[in-house]
Structure formats: structure tokens, C-alpha cells
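*Asks:*
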Amino acid sequence: MALKIWLDDKLVGQEDAKISVFDHGVLYGDGVFEGIRVYNGKIFELTAHIKRLYDSAKVIRLDIPMSKDELIKAAEKTVKANDVIDGYIRLVVTRGIGTLGLNPFVCENATVFIIADNIQLYPKELYEKGLKVVSATTVRNHPLAIPPQVKSLNYLNNILAKIEALDNDVPEAIMYNHEGYVAEATGDNVFIVRDGLIYAPPVEAGSLDGITRSIVIKLAKQEGFEVVEKNLTRADLYICDEFFLTGTAAEVIGIVEIDKRIISDGKPGKITELLRKKFFKYVRGKK
Ligand code: PMP
1 MALKIWLDDK
11 LVGQEDAKIS
21 VFDHGVLYGD
31 GVFEGIRVYN
41 GKIFELTAHI
51 KRLYDSAKVI
61 RLDIPMSKDE
71 LIKAAEKTVK
81 ANDVIDGYIR
91 LVVTRGIGTL
101 GLNPFVCENA
111 TVFIIADNIQ
121 LYPKELYEKG
131 LKVVSATTVR
141 NHPLAIPPQV
151 KSLNYLNNIL
161 AKIEALDNDV
171 PEAIMYNHEG
181 YVAEATGDNV
191 FIVRDGLIYA
201 PPVEAGSLDG
211 ITRSIVIKLA
221 KQEGFEVVEK
231 NLTRADLYIC
241 DEFFLTGTAA
251 EVIGIVEIDK
261 RIISDGKPGK
271 ITELLRKKFF
281 KYVRGKK
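In the numbering used here, the protein residues as written are 1 to 287.
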């Protein structure tokens with residue numbers, strides 16, 4: 001079924017949702033975006049996602065031509081128009097139509113589009129069995145390049161890391177920063193457990209400030225766990241007791257092998273499973 005897409009200021013049919021070849025989002029990856037879940041017909045953590053979108057835009061000096069409230073309403077309208085009950089929203093703002101030069105300031109109007117659709121998830125058995133991952137050789141963005149906190153349209157570093165994973169017949173790769181510390185996976189944040197404590201690399205180590213990550217930290221603390229944010233090395237991942245990723249699409253998913261080192265008994269750990277179930281309930285219980 002053809003979708004209805006929000007483009008600039010209204011809903012249009014999927015076949016009419018077209019972007020100019022002169023849009024700097026296409027020519028240079030100049031823009032920002034968000035991926036957001038819909039659970040039970042309600043957009044999950046929409047305010048937090050909108051805030052991150054505006055923060056990303058501010059860093060790259062992109063003016064979003066709508067207020068936060070207008071954008072929230074547009075997202076809600078798009079979800080409704082497509083009857084999405086459990087799904088996924090892609091909200092994108094590009095620099096807009098310009099010339100073939102880099103200069104972003106010749107682009108007069110940013111392009112805004114919103115897609116609300118069903119979601120492609122990892123198959124259920126992967127949540128039960130856990131994922132295998134490899135360490136990527138592609139380094140996460142340097143903080144003085146496009147900062148990793150910015151969810152920009154330029155994901156090529158992460159895409160190169162994803163290719164490394166796929167070349168090794170695993171679905172995900174772990175990315176390290178320019179100092180060799182764990183940053184994140186290609187589209188998810190990293191957690192490990194060791195001796196009953198939960199560790200997460202700090203956002204400054206080069207990750208997106210994940211919204212799922214923040215909720216999982218909150219839920220873990222509610223369960224009485226201590227969550228320590230500190231730099232982690234590759235060896236820390238090799239010798240941990242449990243390892244999991246968090247993200248909007250994946251939610252919480254266990255890792256059972258990295259670079260051919262098996263984590264504990266090769267099954268998602270107890271704390272991972274507890275947090276996965278808590279998160280599952282948290283998002284689906286919220287109306
Ligand atoms: N890191 C990267 C690079 C991401 O693209 C994402 C979102 N897919 C995440 C982490 C997880 O963030 P969130 O929980 O807000 O989806």
C-alpha cells in the first residue's frame with residue numbers, strides 16, 4: 001500500500017514524495033534525522049527525539065523551518081494518516097535545494113520529510129540466541145569532525161563498519177574511537193556487565209546520546225543495579241560476563257560473541273534478559 005509522506009508542509013502520496021537532485025541532503029549528506037518508534041499508536045519519547053533533532057541541527061547550523069510543536073503535530077498526522085499502530089518514523093531535515101557548490105547558505109529552505117511505516121526488526125530468535133559481532137577497524141568520528149552526538153545524514157563511517165560486519169558474516173560491528181576506546185555499535189549503544197556491575201562507555205567516548213540508552217540506565221537503576229559510565233577497551237568486551245546493545249529499532253539485544261571470543265556461556269545473560277523484558281514492558285505498557 002502506498003504511504004502518505006509528510007513533505008515540507010503537507011501530506012503527499014508516496015509517488016509524489018520527491019526530492020530535488022540539487023538538495024544538499026542528496027549531494028553532500030547535509031542534514032539531520034531521527035528514527036522513532038510508535039507503540040500502541042503512540043509516538044515513543046517524541047519530545048526527546050525532537051530535542052535531539054534540533055540539537056543536531058544547531059550544531060550543523062541548519063535552521064529547521066518549523067517550530068518543535070509544528071513538527072510534533074506533523075509527525076502525529078503522518079502516523080495517523082498511515083494507520084501506524086506499531087511502527088517506525090523517519091524524520092529527516094536536509095539543507096534543501098542549492099547549487100553544486102558546498103556553500104550551505106545558498107539553500108534557502110530546508111527540506112522536511114517524515115515517513116511512518118512498519119518496522120523491519122531482527123528476527124525473534126536472534127533476541128533469544130543473541131548476536132555475534134566483530135570489532136570494526138573503521139574508527140568512529142573524531143569529536144572535532146562531525147561530532148558523534150549529531151545524528152547527521154552522513155553515516156558513511158558507520159556504513160563502512162557495517163560492511164566489515166557483513167563481510168565477516170555477522171550483523172553488527174563495534175566501533176572504537178580515535179583513542180581506541182569503545183564508542184558504540186553502528187546504530188546502537190553498548191553496555192557490558194562484569195561482576196554484577198553494568199558499564200557503559202560515556203557519550204564523550206564517541207556515541208550518539210541514545211534515548212533507549214538513557215531509559216535502560218533508568219530501568220537498571222530502578223532494579224537496584226549500579227551503572228558505571230567509563231571508558232571501555234576491546235579487552236573489557238572480551239572478558240565481560242554479559243554484553244548487550246540498545247537502540248530504537250533493536251530495543252535491547254544480547255551479544256554472545258565478539259571477534260570469536262564467546263561471552264560467558266554463549267547465551268544472552270540474566271541481567272540482559274531482565275532489562276530486555278523490563279524495556280519491552282515499559283514501552284508497550286505506556287499509552
Ligand atoms: N548510535 C547510533 C549511531 C545510532 O544511529 C542510534 C540510533 N539508531 C543509536 C546509537 C541508538 O540511539 P537511540 O536509542 O536514540 O535510537
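Backbone N, C-alpha and C fix where the C-beta goes; we use that ideal spot for every residue, glycine too.
How would you write the range of the beta strand (DSSP E) that T111 sits in, first residue to last?
*Replies:* On the sequence shown, position 111 is the one that residue 111 refers to. 111-117 is the extent of the beta strand (DSSP E) around T111.
*Asks:* Can you name, in chain order, every residue of its own chain whose Cβ lies under 8 Å from the Cβ of I64, other than the five neighbours on each side?
*Replies:* As a position in the sequence shown, residue 64 is number 64, starting the count at 1. The residues are L53, Y54, A57, L71, V93, A110, V112.
*Asks:* At a cut-off of 7 Å, is A74 close to the ligand PMP when judged by its beta-carbon and the heavy atoms of the ligand?
*Replies:* The count along the sequence shown starts at 1 and reaches residue 74 at position 74. False, no ligand heavy atom lies under 7 Å from that Cβ.
*Asks:* Which residue marks the beginning of the beta strand (DSSP E) containing G247, and which one marks its end?
*Replies:* Residue numbering aside, residue 247 sits at position 247 when the sequence shown is read from its first letter. That run of the beta strand (DSSP E) goes 242-247.
*Asks:* CA-CA distance, V134 and Y238?
*Replies:* On the sequence shown, position 134 is the one that residue 134 refers to. On the sequence shown, position 238 is the one that residue 238 refers to. Those two C-alpha atoms are separated by around 11 Å.
*Asks:* Could you check what DSSP says for A200 in three-state terms: helix, strand or coil?
*Replies:* On the sequence shown, position 200 is the one that residue 200 refers to. Strand, per DSSP.
*Asks:* Mapping DSSP to helix, strand and coil, what is V133?
*Replies:* Taking the first residue of the sequence shown as position 1, residue 133 is located at position 133. Three-state result, V133: strand.
*Asks:* Are three or more beta carbon pairs between the region 161-173 and the region 212-229 nearer than 8 Å?
*Replies:* Touching, no, given that fewer than three Cβ pairs across the two stretches are closer than 8 Å.
*Asks:* How about A205: is its C-beta nearer than 8 Å to some C-beta of chain E?
*Replies:* The structure shown contains no chain E; it holds only a single protein chain.
*Asks:* Measuring alpha carbon to alpha carbon, tell me which residue in V182, G29, R37, M175 is nearest P104.
*Replies:* Walking along the sequence shown from the start, residue 104 turns up at place 104. Measuring from the Cα of P104, the nearest candidate turns out to be G29.
*Asks:* Within its chain, find whatever has a CB closer than 7 Å to the CB of E76; leave out the 5 residues flanking it on each side and keep chain order.
*Replies:* Translated into positions along the sequence shown, residue 76 becomes position 76. So the list reads I43, once near-sequence residues are dropped.
*Asks:* Looking at the unbroken alpha helix (DSSP H) that takes in F33, where does it start and where does it end?
*Replies:* As a working mapping, residue 33 is identified with position 33 in the sequence shown. Counting along the chain, F33 falls outside any alpha helix (DSSP H), though it belongs to the beta strand (DSSP E) covering 31-39.
*Asks:* Check whether the Cβ of K278 sits closer than 7 Å to any heavy atom of the ligand PMP, and report yes or no.
*Replies:* Residue numbering aside, residue 278 sits at position 278 when the sequence shown is read from its first letter. Not under cutoff, so the answer is no.
*Asks:* Pop quiz: V12 and I5 are said to be a contact at Cβ under 8 Å. What is the actual Cβ separation, rounded to whole angstroms?
*Replies:* As a position in the sequence shown, residue 12 is number 12, starting the count at 1. As a position in the sequence shown, residue 5 is number 5, starting the count at 1. Confirmed, Cβ separation roughly 6 Å.
*Asks:* For G206, which residues from the same chain have a beta carbon less than 6 Å from its beta carbon, with the 5 sequence-adjacent residues on both sides left out?
*Replies:* By 1-based counting over the sequence shown, the position of residue 206 is 206. For G206, where only same-chain residues beyond five positions count, the Cβ hits under 6 Å are R140, P148, N177, A183.
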